[in-house]
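Under the working numbering, residues 1 to 116 are what the sequence shown spells out, in order.
Virtual Cβ for every residue (Gly too), placed ideally from N, Cα, C.
A quick note: this is a predicted structure, and the numbers were derived from the prediction, not measured.
First comes the structure, then the notes that go with it.
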Amino acid sequence: QGQLVESGGGSVQAGGSLTLSCAASRYTVSINIMGWYRQAPGKQRELVATISSGGSTNYLDSVKGRFTISRDNAKNTVYLQMNSLKPEDTAVYYCKVRNTLMREYWGQGTQVTVSS
């Protein structure tokens with residue numbers, strides 16, 4: 001059974017930075033897309049950023065220029081570098097991966113809190 005282990009969440013003041021990581025292990029089918037989603041209280045979960053195995057990226061408009069997604073294919077790990085954080089970035093951040101058979105898996109979520 002595959003596993004996604006997230007880390008790096010926490011509390012930070014506005015303007016600060018955090019880096020999230022998500023390590024995928026024990027997946028028998030190759031992972032193609034890795035990404036981060038977030039869900040704030042009372043809101044729907046939204047896509048923050050995705051990255052393909054070839055390095056193509058996609059970002060939520062409101063995080064462009066502030067967040068950077070990257071991955072280490074050898075380690076099956078995806079990262080989200082978050083700079084210039086704003087209170088509206090406060091949410092639970094979830095890692096999601098999709099394998100080459102189009103099956104998707106979610107991480108358990110990590111809380112990011114940005115205070116003004």
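Exercise for the section: Quick one: grab the DSSP three-state call for V63. Expected result: helix
Handout entry: Delimiting residues of the beta strand (DSSP E) encompassing V92
Key = 91–99
Exercise for the section: For T19, I'd like the list of residues in its chain whose CB is within less than 8 Å of its CB, leaving aside the five on either flank, ordered along the chain. Expected result: G8, Y79, L80, Q81, M82
Exercise for the section: Give me the Cα-Cα distance between K86 and I33, rounded to the nearest whole angstrom. Expected result: Answer to the nearest angstrom: the Cα atoms are 27 Å apart.
Problem - Alpha-carbon to alpha-carbon, T28 and S116 - result: 43 Å
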